[in-house]
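Quick note, the sequence shown lines up with residues 1 to 368 if you use UniProt numbering. Beta carbons: idealized from backbone N, C-alpha and C, even for Gly. Only a predicted model underlies this, so the values are computations on that prediction, with no experimental measurement involved. Presented below is the structure to which this report refers.
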Amino acid sequence: MINKEQECQLLEFISSTSSNNDQTDAINMMKELYNLQFRHDDVKKDNGLNTENEDENEQQKQQSSLLNESLLFSDDVRLIHAENYYNDCQFKKSYEILSEIHSNDILNQKCLFLMIGCLLELNNDIVLQEISHKLAEAIPENAIAWYAVGCYYYATSNMDNARKYLSKSTLIDPNFQASMLMYGHSFEMEALHDQAIAVYMDLSKIMAHSYLPILYVGVEYCHLNFPSMAEQYLNQALELSPDNLFVLHELGIVFYEKKEYEMAKDYFKKVYKILADKKLLMEYPQKWEPLLNNLGHVHRKLGEYDDAINYFKIAIRMIPENSSTLDALGLVYSLKGELQMASDFFQKALSLKRDDAFALTMYNLLSA
Numbered sequence: 001m002i003n004k005e006q007e008c009q010l011l012e013f014i015s016s017t018s019s020n021n022d023q024t025d026a027i028n029m030m031k032e033l034y035n036l037q038f039r040h041d042d043v044k045k046d047n048g049l050n051t052e053n054e055d056e057n058e059q060q061k062q063q064s065s066l067l068n069e070s071l072l073f074s075d076d077v078r079l080i081h082a083e084n085y086y087n088d089c090q091f092k093k094s095y096e097i098l099s100e101i102h103s104n105d106i107l108n109q110k111c112l113f114l115m116i117g118c119l120l121e122l123n124n125d126i127v128l129q130e131i132s133h134k135l136a137e138a139i140p141e142n143a144i145a146w147y148a149v150g151c152y153y154y155a156t157s158n159m160d161n162a163r164k165y166l167s168k169s170t171l172i173d174p175n176f177q178a179s180m181l182m183y184g185h186s187f188e189m190e191a192l193h194d195q196a197i198a199v200y201m202d203l204s205k206i207m208a209h210s211y212l213p214i215l216y217v218g219v220e221y222c223h224l225n226f227p228s229m230a231e232q233y234l235n236q237a238l239e240l241s242p243d244n245l246f247v248l249h250e251l252g253i254v255f256y257e258k259k260e261y262e263m264a265k266d267y268f269k270k271v272y273k274i275l276a277d278k279k280l281l282m283e284y285p286q287k288w289e290p291l292l293n294n295l296g297h298v299h300r301k302l303g304e305y306d307d308a309i310n311y312f313k314i315a316i317r318m319i320p321e322n323s324s325t326l327d328a329l330g331l332v333y334s335l336k337g338e339l340q341m342a343s344d345f346f347q348k349a350l351s352l353k354r355d356d357a358f359a360l361t362m363y364n365l366l367s368a
């Protein structure tokens, strides 16, 4: 893996390569392929690329001026688009492309790797089980087969088996970084933070230019209530991946824990704007509902109750049966002095979760 500076240097080298007329098209085609893969912000702006549906056809038309039709719709280029959608959290679009490629090339390694990631994000355990079973039978000597099996067990919360098969994957290929990363996640899922940090730190030495291991080290330190340590690692991750949604969100959480609410709000709002512009908030409610709750809580802490209510109500539209969000709405209405509204929300929370101690206490207080 190369860093952004090295990517820029490579593109500059390709652009400056002297060539005769016969070579110009090939060099331009090569540069466009690298532009697609690197996805630099400046490249996107120069090419007018964005994720809005109405611009995607125009994007492909611009690309087809350099890439001939057979190459433009080749699996290699389509995989680049699928990976870009995946990195942009547009998992359904990514999976649509990958499914088409997989139907014609069931052992395409990059396609399989991205498909497994999409299936995890989309909570599609059934298809993940089918793919992992077929891979274990077809290519048991390949690390990706046991990575898929490990991911299936991870998705079904069987962490012992997940680690067993992820370890088997790395025994076959010690450089299979995805298995190492998931191995760390399996510890995180069981709140074994020290073990997770050890895995992520080891992996950060191997994935020197990737933000992922450093991001997860920061997340673990936040879980351990070491916000300053978390901030240090998350800022390193942000340097490696500027404007990354997950890094920005985690930094917002860190500043919230440090009681620096204005800073927390700025980070949360930045993530919200990016997601709203891309129309991704409601498409992946399980992933982004916590952002809306965090925005609600940070506005509550700042005494901005109407804004807090607005974000909590968006959150409840995303996941209607979250009693914690109803608790939060009840609390904000209590702080506003709208006691009947507060009581109604606490009552709704109790209808979903009878042992909700906070809702029960507040409801009894308001009913007294």
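Exposed or buried, residue i, counting other C-beta atoms within 10 Å across all chains shown (16 or more means buried)?
| i | result |
| --- | --- |
| L171 | exposed |
| L282 | A quick correction: the sequence has Met, not Leu, at residue 282. Under this definition M282 is an exposed residue. |
| L112 | buried |
| Q90 | buried |
| N294 | buried |
| A230 | buried |
| N142 | buried |
| K265 | buried |
| F73 | exposed |
| I314 | buried |
| A368 | exposed |
| R354 | exposed |
| S157 | exposed |
| A359 | buried |
Got a sec? Which residues, its chain only, sit under 6 Å from residue i by beta carbon, not counting five neighbours each side?
| i | result |
| --- | --- |
| Y95 | C118 |
| V199 | Y183 and G184 |
| Y85 | K93 and S94 |
| N53 | In this prediction, N53 has a pLDDT of 47, which is less than 50 and means its spatial position is unreliable; nothing more can be read from the coordinates. |
| F312 | G296, T325, A328 and L329 |
| L135 | A145 and A148 |
| residue 417 | Missing from the structure shown is residue 417; the chain here goes from 1 to 368 and no further. |
| F277 | Reading off the sequence shown, one finds Asp at residue 277, where the question assumed Phe. Here the set comprises nothing. |
Tell whether a beta-carbon distance below 8 Å holds between residue i and residue j.
| i | j | result |
| --- | --- | --- |
| S167 | A148 | no |
| V298 | E250 | no |
| L114 | A82 | yes |
| H193 | L224 | yes |
| S186 | M207 | no |
| C151 | I106 | no |
| A178 | E188 | no |
| S228 | I214 | no |
| E262 | C222 | no |
Where does residue i fall in DSSP's three states?
| i | result |
| --- | --- |
| L352 | helix |
| E338 | coil |
| P213 | helix |
| P290 | helix |
| F91 | helix |
| D277 | helix |
| S204 | helix |
| S167 | helix |
| T156 | coil |
| P285 | helix |
| D243 | coil |
| S132 | helix |
| P140 | coil |
| L365 | helix |
| I172 | helix |
Compare the C-alpha of residue i against each of the options and name the closest.
| i | options | result |
| --- | --- | --- |
| P290 | D306, S324 and K273 | S324 |
| P242 | S210, K259 and K258 | S210 |
| Q340 | K259, L352 and Y363 | Y363 |
| L366 | A342, I314, V217 and I97 | A342 |
| A145 | S228, N124, E239 and D173 | D173 |
| N104 | N87, D75 and I126 | D75 |
| V77 | F255, E260 and I101 | I101 |
| L302 | E190, E338, D277 and K259 | K259 |
By Cβ distance below 8 Å, which residues in the same chain neighbour residue i in space, the five residues on each side in sequence not counted?
| i | result |
| --- | --- |
| V271 | L245, L248, H249, G252 and L291 |
| I316 | N322, T325, L326 and L329 |
| D356 | S323, D327, A349 and L350 |
| W288 | L275, L280, L281 and M318 |
| H139 | For clarity, residue 139 is Ile in the given sequence; the question names His instead. Same-chain partners within the cutoff: L107 and A145. |
| V217 | I197, Y200, M201, S204 and Y233 |
| L128 | I116, L119, L120, A148, C151, Y152 and A155 |
| L122 | F91, K92 and Y95 |
Excluding the five sequence neighbours on either side, which residues of its own chain have a C-beta within less than 7 Å of the C-beta of residue i, listed in chain order?
| i | result |
| --- | --- |
| Y305 | V332, L335 and K336 |
| P285 | M318 and I319 |
| I309 | L329 and V332 |
| K110 | L79 |
| N161 | Y153 |
| Q347 | Y363 |
| N124 | none |
| S169 | A143, W146, Y147, G150, F176 and S179 |
| F255 | M263, A264 and Y267 |
| Q236 | I214 |
Does chain B have any CB closer than 8 Å to the CB of residue i?
| i | result |
| --- | --- |
| W146 | In summary, chain B is missing from the structure at hand, where a single protein chain is found. |
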